[in-house]
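First the structure, in the form of structure tokens, and then the observations on it.
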DNA sequence: CGGTACATGTAATCTGTTACATGATTCA
DNA sequence: TGAATCATGTAACAGATTACATGTACCG
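Chains as they are written, first to last, in the numbering used here: chain A, -15 to 164; chain B, -15 to 164.
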């Protein structure tokens, strides 16, 4: 039960439509918590009926009408009390490790291929994160308080990807010693 | 759709009951893919009706009867063809990052507390992994092929935890500069 | 006497994914 | 002309979590 809180968090700095929220969940917060537009529209209704957000309906011409959501005081209080609760993280479910547990029982090339593929993804991710770092967080010591948490998240992402890229190299080396 | 394959994988080396499988999913494979006993019993039924596993009913006295599951040839084939399919990983959903995105809007002590708590968990995890490494994977170069993938998973776990512990230190340092 | 281990399950609910549905505008 | 962007949603299904349910044996 934390997608609602992720949405409230995204609304801290700016009012957003469901559509714009869904885009945010593709980048930024979405690097650490992803959600589809279907989920977001569903949750926004729930949050609205609970008083956590306000809606402003904005008629448009040429495009469908907008519903711009904003955080209410009650929404802020929901965040405040949620912050004190225990932090849950469902351990990442990653099929790659199941595949690795199959080494020695299935054709090794397929596992190697999966690791190579994964490394490409990690490299891409790392490049993206570094680009964001260079653009917006070049001097972390002078960051306003409000940005420090976001920066730390990005830093976590960078380190994770770095670790993963290096691990892929080591994994490929060891997998190369497995007889086919 | 990969819990079935995780179960088949766990059955590669030994026949197990649903109960024992659930325990495996608390350690070993479970470090990278967790599942509750309810899920496992459900999936075992499905796998059985699809011919991926055999059941041997073992009457016991004093305890409920056992159903010992073993992998069939068809089960092995299911793994073989699954291995070639694309590897999915749902990005880890971690509330800690949502909390970090709240820095500057909620009481900072709570966020700091959450990071400290998380660091303790990572340290514990790291110690556990290292214990397993020392016990079973002291000389990775002489490992039989069948164990190499498992070792690589463990190595990934160790590196991830190490990275996380270090990051927590850096995070705590930067969070200490946030005005309350 | 109380807790843990063994051993299996059902039912309800909550989350997440996939597919379907609509429709104008802008850009190549 | 066709794809992408803006903008909202419904419906069905799959997957995960929580609660409930039962019952013996063994250890301290």
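Backbone N, C-alpha and C fix where the C-beta goes; we use that ideal spot for every residue, glycine too.
At what residues does the alpha helix (DSSP H) containing residue i begin and finish?
i: residue 3 (chain A); result: 2 to 8
i: residue -5 (chain A); result: It is not in any alpha helix (DSSP H) - residue -5 (chain A) carries neither H nor E in the DSSP assignment.
i: residue 31 (chain A); result: 21 to 33
i: residue 159 (chain B); result: 129 to 159
i: residue 81 (chain B); result: 79 to 84
Using a Cβ-Cβ cut-off of 8 Å, state whether residue i counts as contacting chain A.
i: residue 36 (chain B); result: no
i: residue 163 (chain B); result: yes
i: residue -1 (chain B); result: no
i: residue 110 (chain B); result: no
i: residue 153 (chain B); result: no
i: residue 4 (chain B); result: no
i: residue 160 (chain B); result: no
i: residue 103 (chain B); result: no
i: residue 28 (chain B); result: no
i: residue -5 (chain B); result: no
i: residue 143 (chain B); result: yes
i: residue 40 (chain B); result: no
How is the beta strand (DSSP E) around residue i delimited, first residue to last?
i: residue 100 (chain B); result: That residue, residue 100 (chain B), is in no beta strand (DSSP E); its alpha helix (DSSP H) goes 92 to 120.
i: residue 51 (chain B); result: 50 to 55
i: residue 38 (chain B); result: 37 to 42
With a threshold of 8 Å between beta carbons, is residue i in contact with chain B?
i: residue 79 (chain A); result: yes
i: residue 157 (chain A); result: no
i: residue 106 (chain A); result: no
i: residue 201 (chain A); result: Given a span of -15 to 164 for chain A in the structure shown, any question on residue 201 (chain A) remains unanswerable.
i: residue -14 (chain A); result: yes
i: residue 23 (chain A); result: no
i: residue 31 (chain A); result: no
i: residue 118 (chain A); result: no
Please classify residue i as buried or exposed, where buried requires at least 16 other C-beta atoms within 10 Å of its C-beta.
i: residue 123 (chain A); result: exposed
i: residue 157 (chain A); result: exposed
i: residue 102 (chain B); result: buried
i: residue 137 (chain A); result: buried
i: residue 93 (chain A); result: exposed
i: residue -11 (chain A); result: buried
i: residue 104 (chain A); result: exposed
i: residue 79 (chain A); result: buried
i: residue 6 (chain A); result: buried
Whole angstroms is fine: what's the gap from residue i's alpha carbon to residue j's?
i: residue 108 (chain B); j: residue 146 (chain B); result: 11 Å
i: residue 46 (chain B); j: residue 70 (chain A); result: 40 Å
i: residue 121 (chain B); j: residue 87 (chain A); result: 16 Å
i: residue 16 (chain B); j: residue 82 (chain A); result: 8 Å
i: residue 166 (chain A); j: residue 30 (chain B); result: Chain A is shown from -15 up to 164; residue 166 (chain A) falls before or after that span and cannot be answered.
i: residue 112 (chain B); j: residue 34 (chain A); result: 43 Å
i: residue 95 (chain B); j: residue 126 (chain B); result: 45 Å
i: residue -1 (chain B); j: residue -8 (chain B); result: 10 Å
i: residue 106 (chain A); j: residue 149 (chain A); result: 6 Å
i: residue -4 (chain B); j: residue 11 (chain A); result: 39 Å
i: residue -15 (chain A); j: residue 128 (chain B); result: 43 Å
i: residue 67 (chain B); j: residue 98 (chain A); result: 9 Å
i: residue 152 (chain B); j: residue 62 (chain A); result: 26 Å
i: residue 90 (chain A); j: residue 64 (chain B); result: 6 Å
i: residue 73 (chain A); j: residue 77 (chain B); result: 6 Å
i: residue 115 (chain A); j: residue 143 (chain A); result: 14 Å
i: residue 38 (chain B); j: residue 56 (chain B); result: 6 Å
i: residue 159 (chain A); j: residue 140 (chain B); result: 14 Å
i: residue 14 (chain A); j: residue 118 (chain A); result: 19 Å
- request: For the segment 121 to 137 of chain B, enumerate the residues whose C-beta is nearer than 9 Å to any C-beta of chain A, in chain order.
  value: 124, 125, 127, 128, 129, 130, 131, 132, 133, 134, 135, 136, 137
Selection of the segment 7 to 20 of chain A by Cβ proximity to chain B, strictly under 7 Å: 13, 16, 17, 18
field: Contact list for the segment 42 to 74 of chain B against chain A, Cβ threshold 7 Å
entry: 63, 64, 67, 68, 71, 72, 73, 74
- request: Could you run through the segment 78 to 99 of chain A and flag, in chain order, every residue whose CB is less than 9 Å away from some CB of chain B?
  value: For the segment 78 to 99 of chain A, residues whose beta-carbon sits nearer than 9 Å to a beta-carbon of chain B comprise 78, 79, 80, 81, 82, 83, 84, 85, 86, 87, 88, 89, 90, 91, 92, 94, 95, 97, 98, 99.
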